[in-house]
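Asker: Structure below; questions to follow.
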Amino acid sequence: MKISFEINGESTSVDVDGNTPLLWVVRDTLGLKGTKFGCGKAACGACTLHVDGVAVRSCSYAVRFAHGKSVTTIEGLSQGNELHPVQQAWTEEIVPQCGYCQPGFMMATAALIDRIPNPTDEDIDNNIVNVCRCATYYRMRKAIHRAAEINSQKS
Amino acid sequence: MRLKTPLIFSAVSFLLLVIVYSSDGSEKTGPDETYIQPPQVDSAFERVMSVVTHQRCMNCHPTDDFPRQSEDSHIHRFGVQRGPENHGLAALQCGSCHQEANNLSSGVPGAPHWGLAPRSMGWQGLDKFEIATAMLDRTKNGNRSLAEVEHHLTEDPLVLWVFEPGVNNEGMEREKPPLSKDEWVSAVKEWIASGAEIPVKE
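As given, the protein sequences belong to chains A and B, one line each in that order. The opening residue of the first sequence carries number 241 in the working numbering; numbering runs sequentially from there. The opening residue of the second sequence carries number 1385 in the working numbering; numbering runs sequentially from there.
See below:
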């Protein structure tokens, strides 16, 4: 099945089984390894990316649903050489420990501050429900607030 | 004479045993009713409500802001919430995990416009009579006429998902409602064609 969509701003087509998880296609067909496999059941959020700006769990997203849509992965979050506010904040706050789950958290956070520019702690608790086995949650909370701050300064 | 006494004793004992084991202590006054009673057929209302009150439907009709899931209707994992438009929160939308079809590898269920029923259509804690009343109440059902209610119940792919709910995250088939899709459609049409009458609660 031929499926065409935009990935990080560029058009692409893949010829795969339409029920293949988008994560598989992104990593193995398109070679973008930033998005991670965690649980395979849409539970942990490590595979979070954006489809038309919505944070989705790509391990549970059949690629056929991406046809005609715009997919953004962690590799496409920055604008050229300019880091996304979330990437800047993550760097400033030295958030990652092992780092494996961080791309998913960052993509979820980017979706959050896009819709709620100045999230409260409650907003963060309600929206960012990914799992980090290193328990970097405290640093992430600081980084999310910092990302919102950088974002507001830029805009 | 010595030879006949044990024979008579044995015959009497046998007869007593037959009498004891054939009696259930009740007097039979007519034919067994199990065989002459016609099978009970529930009314269209009862058949409709047997599906509506099943957890496959009820889990997405909460009266609060938290969807339920699974056969035991526990609160949806991960703190998932209703959100302002019944489709989740800013970065945790229903569509973050639920797509337009069941995902048989992850076990995440899916159907078009997956989301919660509006709060006005919250059914948890209501009995079948109260639910039916709410379904027909235009101030609660999205201002649907009776014809539109019928269309919603028999055509909406999210409603009809309950008859093909797929597998859970352990690969086990989800429990289906007591009617098949065809039986459901037939029951809904029969109920509405007869005036969508709601029986008086006994």
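A virtual CB, placed ideally from N, CA and C, is assigned to each residue, including glycine.
(1) Helix, strand or coil: how does DSSP classify residue 348/A here?
(2) If I measure Cβ to Cβ from residue 331/A and keep anything under 8 Å in the same chain, skipping five residues before and after, which residues do I get?
(3) Does the segment 354 to 370 of chain A come into contact with the segment 1487 to 1505 of chain B, if we say contact requires no fewer than three beta-carbon pairs (one atom in each stretch) closer than 8 Å?
(4) Using a Cβ-Cβ distance cut-off of 8 Å, determine whether residue 280/A contacts chain B.
(5) Let me know the secondary structure DSSP gives residue 245/A once reduced to three states.
(6) Does residue 1506/B have its Cβ less than 8 Å from a Cβ in chain A?
(7) With 16 other CB atoms within 10 Å as the buried threshold, where does residue 334/A fall?
(8) Measuring straight from C-alpha to C-alpha, what distance separates residue 1496/B and residue 254/A?
(9) Near residue 1510/B, which residues of its chain fall below 6 Å by C-beta distance, leaving aside the five closest residues on each side in sequence?
(10) Residue 1495/B touches chain A at which residues, Cβ-Cβ below 8 Å?
(11) Express the C-alpha separation of residue 1551/B and residue 272/A in angstroms, rounding to a whole number.
(12) Hey, is residue 341/A's beta-carbon within less than 8 Å of any beta-carbon in chain B?
(13) On the DSSP bridge assignment, give the partners of residue 310/A in chain order.
(14) Would you please state the rounded distance, in angstroms, between the beta carbons of residue 1562/B and residue 1546/B? I believe it to be under 8 Å.
(15) Please classify residue 1457/B: does DSSP put it in a helix, a strand, or coil?
(16) Taking 8 Å as the CB-CB cut-off, is residue 245/A touching chain B?
(17) First and last residue of the alpha helix (DSSP H) that includes residue 289/A?
(18) Helix, strand or coil, according to DSSP, for residue 261/A in the structure here?
(19) Do you know how far the Cα of residue 299/A is from the Cα of residue 263/A?
(20) Mapping DSSP to helix, strand and coil, what is residue 329/A?
(21) Taking Cβ-Cβ distances shorter than 7 Å, what residues in chain B pair up with residue 305/A?
(22) Around the Cβ of residue 338/A, are there at least 16 other Cβ atoms within 10 angstroms (buried) or fewer (exposed)?
Answerer: Quick look at the numbers:
(1) To locate residue 348/A, count along the first sequence from 1; it is residue 108. Here DSSP, grouped into helix, strand and coil, assigns residue 348/A to helix.
(2) To locate residue 331/A, count along the first sequence from 1; it is residue 91. Setting aside the 5 residues that flank it on each side, residue 331/A is surrounded in the same chain by 323, each with a C-beta closer than 8 Å to its C-beta; the list follows chain order.
(3) No: the two stretches stay apart, fewer than three of their Cβ pairs being nearer than 8 Å.
(4) In the first sequence, counting from the first residue as 1, residue 280/A sits at position 40. Flagged as an interface residue toward chain B: residue 280/A, by a C-beta distance shorter than 8 Å.
(5) By one-based count along the first sequence, residue 245/A stands at place 5. Residue state, collapsed to three classes: strand.
(6) Along the second sequence, one-based indexing puts residue 1506/B at 122. No, residue 1506/B lies away from the interface with chain A (no Cβ there is under 8 Å from its Cβ).
(7) By 1-based counting over the first sequence, the position of residue 334/A is 94. That one is exposed.
(8) Walking along the second sequence from the start, residue 1496/B turns up at place 112. Walking along the first sequence from the start, residue 254/A turns up at place 14. Residue 1496/B and residue 254/A have their alpha carbons spaced roughly 24 Å apart.
(9) Within the second sequence, the letter at position 126 stands for residue 1510/B. Within its own chain, no residue has a Cβ closer than 6 Å to the Cβ of residue 1510/B once the five positions on either side in sequence are excluded.
(10) Here residue 1495/B corresponds to residue number 111 of the second sequence, with the count starting at 1. Near residue 1495/B there are no residues of chain A at all, since even the closest Cβ is about 13 Å away, more than 8 Å.
(11) For the purposes of this step, residue 272/A is identified with residue 32 of the first sequence, where counting begins at 1. For the purposes of this step, residue 1551/B is identified with residue 167 of the second sequence, where counting begins at 1. Using only the alpha carbons, I get a separation of about 30 Å.
(12) Stepping through the first sequence from its first residue, residue 341/A is reached at position 101. The C-beta of residue 341/A comes no closer than 8 Å to any C-beta of chain B.
(13) As a working mapping, residue 310/A is identified with position 70 in the first sequence. Note: residue 310/A sits in a beta bridge opposite 246/A.
(14) Within the second sequence, residue 1562/B is the residue found at index 178, counting from 1. Within the second sequence, residue 1546/B is the residue found at index 162, counting from 1. 11 Å between Cβ atoms; not a contact.
(15) For the purposes of this step, residue 1457/B is taken as residue 73 along the second sequence, with counting starting at 1. Assignment of residue 1457/B by DSSP, reduced to helix, strand and coil, places it in the coil class.
(16) For the purposes of this step, residue 245/A is identified with residue 5 of the first sequence, where counting begins at 1. With 8 Å as the cut-off, residue 245/A does not count as an interface residue toward chain B.
(17) Counted from its first residue, the first sequence places residue 289/A at position 49. It is not in any alpha helix (DSSP H) - residue 289/A instead sits in the beta strand (DSSP E) that spans 288 to 291.
(18) Counted from its first residue, the first sequence places residue 261/A at position 21. Reduced to three states, the DSSP call for residue 261/A is strand.
(19) The residue given as residue 263/A occupies position 23 in the first sequence. The residue given as residue 299/A occupies position 59 in the first sequence. Each residue's CA atom was taken as its position, placing residue 263/A and residue 299/A some 5 Å apart.
(20) Counting from 1 along the first sequence, the entry for residue 329/A is found at position 89. Helix.
(21) Working through the first sequence from its first residue, we reach residue 305/A at position 65. Going along chain B in sequence order, the residues near residue 305/A (Cβ under 7 Å) are 1483, 1484.
(22) To locate residue 338/A, count along the first sequence from 1; it is residue 98. Per the 10 Å Cβ criterion, exposed.
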